[in-house]
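Worksheet for the structure shown next.
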Amino acid sequence: MYKKPTIDLQKEQLFITFYEELTLYTIDKIQNDLQSIKYMDIAEVVFDFSKLTFLDTAGAIFIYNFQQYFHNHKVPFSTLFKEQSHKDTFALIVKKMKNSQELQAKKEFGFLEKMGRAFYGYIKGLLSFLHFFGELFTSNLRYMTSLKNIRFKEIAFEINESAVRALGIVALTSFLIGLVVAYQSAYQLKLYGANIFIVDMLGLSIFRELAPLITAIVIAGRSGSAYAAQIGAMKITQELDAMKTMGFEPFAFLVLPRIIALMITMPILIFIADMMAMLGGMIIANVDLNITPSLFIDRFNEVIAAKHFFVGIVKGPFFAFLIASIGIYRGLMVKDDTQSIGFNTTKSVVESIFAVIVCDAVFSIAFTNLGI
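Residues 6 to 377 (the numbering used here) are what the sequence shown spells out, left to right.
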């Protein structure tokens, strides 16, 4: 039941008396009734709750905020209670509100402390990733103990999703890379009359470096991000927990089939990238340098050894393992909010590309020192 509060001004002392109930449902009415108060020339405000029958926390918060208005205008105030329960409720609200107001602002860390925290975060992330690798390795050992454990259907499905459907974008990207590299090189080679050496340059650069790298980057942006988003969504919807509850191992059904499928198909995609990039280079050589396709192929057979082709193909499974592992790991790191999916999906692409480039650098140094 609601009764309008009374407002009485006596010798610069303002008395505000509340009646009946002060609850969430009466706050709006009370607020409208108190808007008419003029706060000028008031020496003190007295809040009288002796006639209240019920006070809830919403009402107590309203009164606290109302009193803060007077406090901000440097007007002293006092509070009168009759019921101890009302007094206790209001005291609890005052304590909690003051504690929330006294929370310290975010501390600004110094340069060294920022560096230390960043380093600690990287080390913690590395240890988490190594834990994932360990679990992946042990699951792989159990997985490969018998042929009946291999999920051929899931692997075939992932081959179609991550490779067959990616053929178009990989082929087109590689073809354009071949065109661009050949076109830029042709201009310089013509200056020295070294037109025919475009075949040497294209064969070595595309087979050994460009085709594997471009393919890996495209797959990282396409399939790696898809792995992170798919598994992240499954984690948010608690499908992973449901699988564990039903006795299914997520690593056997979700992780290993994706990794195996990508490791199988990456060399094939690199082969397609090799062919399409060389086709693009051949077109430019014919149009810009007057090197016929037959002359291009003859020169190619003379100067490009098969080892250069296999150097690029060998990198494929390693790139695939890194891309799939990082994408799946980032999917498992998703927390219970949709924003986390976008964050971890983005990180999966960036980290995959970085890992692929580092791996490619290691291969290049190793093969060079081995004379391959």
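Ideal Cβ positions, reconstructed from N, Cα and C, are used throughout, including at glycine.
- Taking C-beta separations shorter than 6 Å and ignoring five residues to either side along the sequence, the partners of Gly332 in its chain run Gly229, Tyr232, Ala233 and Ser353, following chain order.
- Pairing Ile289 with Gly321 gives a Cβ-Cβ distance that is not under 8 Å.
- Cβ-Cβ separation between Val51 and Leu19: approximately 7 Å, consistent with a contact (criterion under 8 Å).
- Rounded to the nearest angstrom, the Cβ distance from Ala238 to Val361 is 25 Å, too far for a contact under 8 Å.
- At least 8 Å separates the beta-carbon of Phe305 from that of Gly183.
- Minimum Cα-Cα distance from Asp53 among the listed residues Ile47, His76, Glu88 and Gly286 corresponds to Glu88.
- The beta carbon of Glu49 sits closer than 6 Å to the beta carbons of Gln18 and Pro81 from its chain, once the five residues preceding and following it are set aside; these are given in chain order.
- In the three-state DSSP reduction, Ser151 falls in the coil class, being neither helix nor strand.
- The C-alpha of Ala225 is placed about 8 Å away from the C-alpha of Val355.
- In the displayed model, Glu49 falls within a strand according to three-state DSSP.
- Nearest Cα to Met283 within the set Val204, Phe368, Val175 and Leu172: Val204.
- Taken through DSSP and simplified to helix, strand or coil, Phe23 comes out as strand.
- Taking every protein chain shown into account, the CB of Asn104 has fewer than 16 other CB atoms within 10 angstroms, so this residue is exposed.
- Per DSSP, reduced to three states, the secondary structure at Thr62 is helical.
- Judged by DSSP in its simplified three-state form, Asp13 adopts strand.
- Straight-line measurement puts the Cα of Glu159 at about 14 Å from the Cα of Tyr148.
- CA-CA distance, Lys195 to Lys240, rounds to 57 Å.
- Residue pairing by DSSP puts Ser83 in a beta bridge opposite Val51.
- For Lys56, DSSP records a beta bridge to Tyr24.
- Between Leu259 and Ala325, the CB-CB gap reaches or exceeds 8 Å.
- Per DSSP, Gln40 lies in no alpha helix (DSSP H) segment and is marked neither H nor E.
- Distance from the CA atom of Val319 to the CA atom of Leu131, rounded to whole angstroms, is 26 Å.
- Spatial neighbours of Val339 in its own chain (CB-CB distance under 6 Å, excluding positions within 5 residues in sequence) are listed in chain order as Gly237, Lys240, Ser345, Ile346 and Asn349.
- Under a 10 Å Cβ-count criterion, His91 is classified as buried, with 16 or more other Cβ atoms of the shown protein chains found around its own Cβ.
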